[in-house]
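Report on the structure given below.
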Amino acid sequence: MSIFSSLFGYSENDNKSTSNVNWISLVDLGQLNEIITLSATQPVLIFKHSTTCGISRMAMKQFESQFDLNDRVTSYYLDLLSYRAVSNEVAARFGVQHQSPQLLLIEDGKVVYDVSHGDIDVADLRMKLSL
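Here it is in structure tokens:
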């Protein structure tokens, strides 16, 4: 185990871990149209994650462990290294600056909540959703 693995808690088993979030993989530009349409009737999350960044990994693990909003939002996961074009289009289409990790809440086709790094927090998201 490397020093970075020790510091950031990564292991090869992380990819097999279970999540409290019912993630939908965001892998195609066409899905952005679906997200905009869906957001007219239900809030939609996009979690942009860098699979090689320890900070991103820690933020995602914490978010997943606290998440209890599956019945309230539809959640998309974007591996921004594998799908750079999708990540760039998210920034352009929704008018947000690219960050990683980054959590976007979309309602009525617009980003109403945009946080990154240590500001990603389920309790804050819950307050934004008025829960």
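Count along the sequence shown from 1, then add 2; that gives the number in this note's numbering.
Where is the CB? At the ideal position from N, CA and C, for every residue including glycine.
Given the structure is predicted, the values throughout are model-derived calculations rather than measurements.
Item                                                                                                                                                       : Value
Would you list, in sequence order, the uninterrupted alpha helix (DSSP H) runs of no fewer than 4 residues that lie entirely inside the segment 45 to 92?  : 56 to 68
I need the DSSP call for Q99, collapsed to helix, strand or coil.                                                                                          : coil
For V124, which three-state DSSP category applies?                                                                                                         : helix
Use the C-beta contact count for T76: other C-beta atoms within 10 angstroms, 16 or more gives buried, fewer gives exposed.                                : buried
Can you round the beta-carbon distance between L28 and I48 to whole angstroms, since I take them to be within the 8 Å contact cut?                         : 6 Å
Does the structure place the segment 107 to 114 close enough to the segment 51 to 62 that three or more beta carbon pairs sit under 8 Å?                   : no
For Q101, is the classification buried or exposed, using 16 other Cβ atoms within 10 angstroms of its Cβ as the cut-off for buried?                        : buried
Could you have a look at L40 and say whether DSSP puts it in helix, strand or coil?                                                                        : helix
Going by beta carbon distance, what residues of the same chain come within less than 7 Å of L82, once the five residues before and after it are set aside? : K50, H51, S52, S89, S102
Can you list, in chain order, the residues of its chain whose CB lies under 8 Å from that of E91, leaving out five sequence neighbours each side?          : L31, L34
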